[in-house]
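Number of protein chains: 2
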Amino acid sequence: MPRTHESHALTDLILEIFRLNGHLLTAGDQLMEPLGLTSARWQVLGAIDLADRSLSVAQIGRRMGLARQSVQRTVNDLERLGFITLEANPDHARARLVVLTEKARSALKEVDGVQAAWSGALAEGLSAERLTEAAGLLHDLTERLTASGGRARSASKPISMTPKGN
Amino acid sequence: MPRTHESHALTDLILEIFRLNGHLLTAGDQLMEPLGLTSARWQVLGAIDLADRSLSVAQIGRRMGLARQSVQRTVNDLERLGFITLEANPDHARARLVVLTEKARSALKEVDGVQAAWSGALAEGLSAERLTEAAGLLHDLTERLTASGGRARSASKPISMTPKGN
DNA sequence: GTCATAATGACAGTCGACTGTCAATTAAAC
DNA sequence: GTTTAATTGACAGTCGACTGTCATTATGAC
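Here the protein sequences come in this chain order: C and B. Just so we're aligned, residue 1 is where the first sequence starts under our numbering, counting upward by one. Just so we're aligned, residue 167 is where the second sequence starts under our numbering, counting upward by one.
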């Protein structure tokens, strides 16, 4: 199988994705470090906030495309840090509900402002059209991968950005 | 700070990057699972192969943009699995050289063929121009992030693709 | 040549993802 | 109403990245 032009271009693109992904993760962590949050922790809080009600660990996992075991670990950390409490679930004796504390709500508000400023600065001077076109291409690639392939290790590795927007 | 159009478009793009990154990692791992390799292991072998000589653990780390401790861990695994041997380094009493075994060389050859077929199939029907344009945009974003920001968690998370090409 | 500094491997520990397994619980089938 | 299947939390273990620290070894300055 000879390498086509497209194949080469795709390989380059993939390398850029890996590189940028790493930098974005780092940037996200730095953005909320002062608040005592990490990307993973923030994602969990965001999922609950977005749902507008309390959720069980397994529900959060499904919404985020993660294994429930991964979420469990993060939830344990968040409870220890006072961002959430675990309350009785009338619908399920074992599956307690993860509830945001006031500390979590104010942290989320804080992050939202910081993230808006950050993404605005990073996007400055770039045309919305180019950004959208690139996003569309990546979306296509994801579809091709998931269509032919099997389940992914993680449905998404979304981190820092947009707890609500999406 | 009001959210601009660009800011929104960027946020969408970022989410696509996280998603696709996860899928690509999975695909890469699946691609070389039959050979007993993982993305991280393959990367280390690829770095040595590309250098065309034996390298110390720290040298590999620098070339891959990883902490030498991460490489050390992988190298230990690779030695246990018979993909590499650690040989005396005339230039440094402690820093032994990581040397590829025949097993590693044949595995690398195998992966190269499989990866070519895989990326060819994934790229089919996509224009090289679109791919290149997107790669350029991501490259710009990486530059903006690294210019203003500090060091990244990992200079690159390259995995599966192109041990040699690059 | 000696001495301070940098590089190196090794070790311990953190973080975030995963898989697999188990017992308890809920829900569904019959 | 029982029995079976699916869901759930908890626990143990793997993998890949990170940081920090230590003693050893090279290297450079003087």
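Note that the Cβ used here is the ideal one computed from N, Cα and C, for glycine as well. Every value quoted in this text rests on a predicted model; they were computed, and no experiment measured them.
Across the region 263-272 of chain B and the region 242-255 of chain B, are there enough close Cβ pairs to call them in contact, namely three or more that are closer than 8 Å?
yes
For residue 115 of chain C and residue 83 of chain C, the rounded distance between their alpha carbons
Working through the first sequence from its first residue, we reach residue 83 of chain C at position 83. Working through the first sequence from its first residue, we reach residue 115 of chain C at position 115. Their Cα atoms are separated by approximately 19 Å.
For the putative contact between residue 144 of chain C and residue 288 of chain B, defined by C-beta atoms under 8 Å, what is the C-beta separation to the nearest angstrom?
Taking the first sequence and counting its residues from 1, the one referred to as residue 144 of chain C is at position 144. Taking the second sequence and counting its residues from 1, the one referred to as residue 288 of chain B is at position 122. In this structure, residue 144 of chain C and residue 288 of chain B form a Cβ contact; the two beta carbons are roughly 6 Å apart against a cut-off of 8 Å.
Could you list the residues in the region 9-43 of chain C with a C-beta less than 8 Å from some C-beta on chain B, going in chain order?
9, 10, 11, 12, 13, 14, 15, 16, 17, 18, 19, 20, 21, 22, 23, 24, 25, 26, 27, 29, 30
Roughly how far, in whole angstroms, is the beta-carbon of residue 201 of chain B from the beta-carbon of residue 273 of chain B, given that I think they are within contact range, below 8 Å?
The residue labelled residue 201 of chain B in the question sits at position 35 within the second sequence. The residue labelled residue 273 of chain B in the question sits at position 107 within the second sequence. Their Cβ separation, rounded to whole angstroms, is 5 Å, which keeps residue 201 of chain B and residue 273 of chain B in contact under 8 Å.
Quick one: which residues of the region 107-122 of chain C get their C-beta closer than 7 Å to a C-beta of chain B? List them in chain order.
116, 117, 119, 120, 122
Could you name the residues that DSSP lists as bridge partners for residue 92 of chain C?
Here the question's residue 92 of chain C lines up with position 92 in the first sequence. Under DSSP, residue 92 of chain C forms a beta bridge with C/89.
Grouping DSSP H, G and I as helix and E and B as strand, with all else coil, what is residue 14 of chain C?
Here residue 14 of chain C refers to the residue found at position 14 when the first sequence is read from its first residue. In this structure, residue 14 of chain C counts as helix in the three-state DSSP scheme.
Within chain B, the residues that residue 144 of chain C reaches when beta carbons sit closer than 7 Å:
The count along the first sequence starts at 1 and reaches residue 144 of chain C at position 144. Neighbours of residue 144 of chain C on chain B, chain order: 288.
One question on the structure: do residue 126 of chain C and residue 172 of chain B come within less than 8 Å of each other, judged by their Cβ atoms?
The residue labelled residue 126 of chain C in the question sits at position 126 within the first sequence. The residue labelled residue 172 of chain B in the question sits at position 6 within the second sequence. Less than 8 Å separates the beta-carbon of residue 126 of chain C from that of residue 172 of chain B.
Using CA atoms only, rank isn't needed, just tell me which of B/260, B/226, B/183 is closest to residue 300 of chain B.
Position 134 of the second sequence, counted from the first residue, corresponds to residue 300 of chain B. When only C-alpha atoms are compared, the closest one is B/183.
Relative to the C-alpha of residue 279 of chain B, which candidate in B/181, B/191, B/234, B/198 has its C-alpha closest?
Stepping through the second sequence from its first residue, residue 279 of chain B is reached at position 113. The candidate whose alpha carbon is nearest that of residue 279 of chain B is B/198.
Look up residue 98 of chain C in the DSSP assignment and give the residues it is bridged to.
For the purposes of this step, residue 98 of chain C is identified with residue 98 of the first sequence, where counting begins at 1. Its beta-bridge partners are C/55, C/86.
Assuming the contact rule is C-beta atoms closer than 8 Å, residue 56 of chain C and residue 87 of chain C should be a hit. Round their C-beta distance to whole Å, please.
Residue mapping note: residue 56 of chain C aligns to position 56 of the first sequence, counting from 1. Residue mapping note: residue 87 of chain C aligns to position 87 of the first sequence, counting from 1. At roughly 11 Å, the Cβ-Cβ gap does not stay under 8 Å, so residue 56 of chain C and residue 87 of chain C are not in contact.
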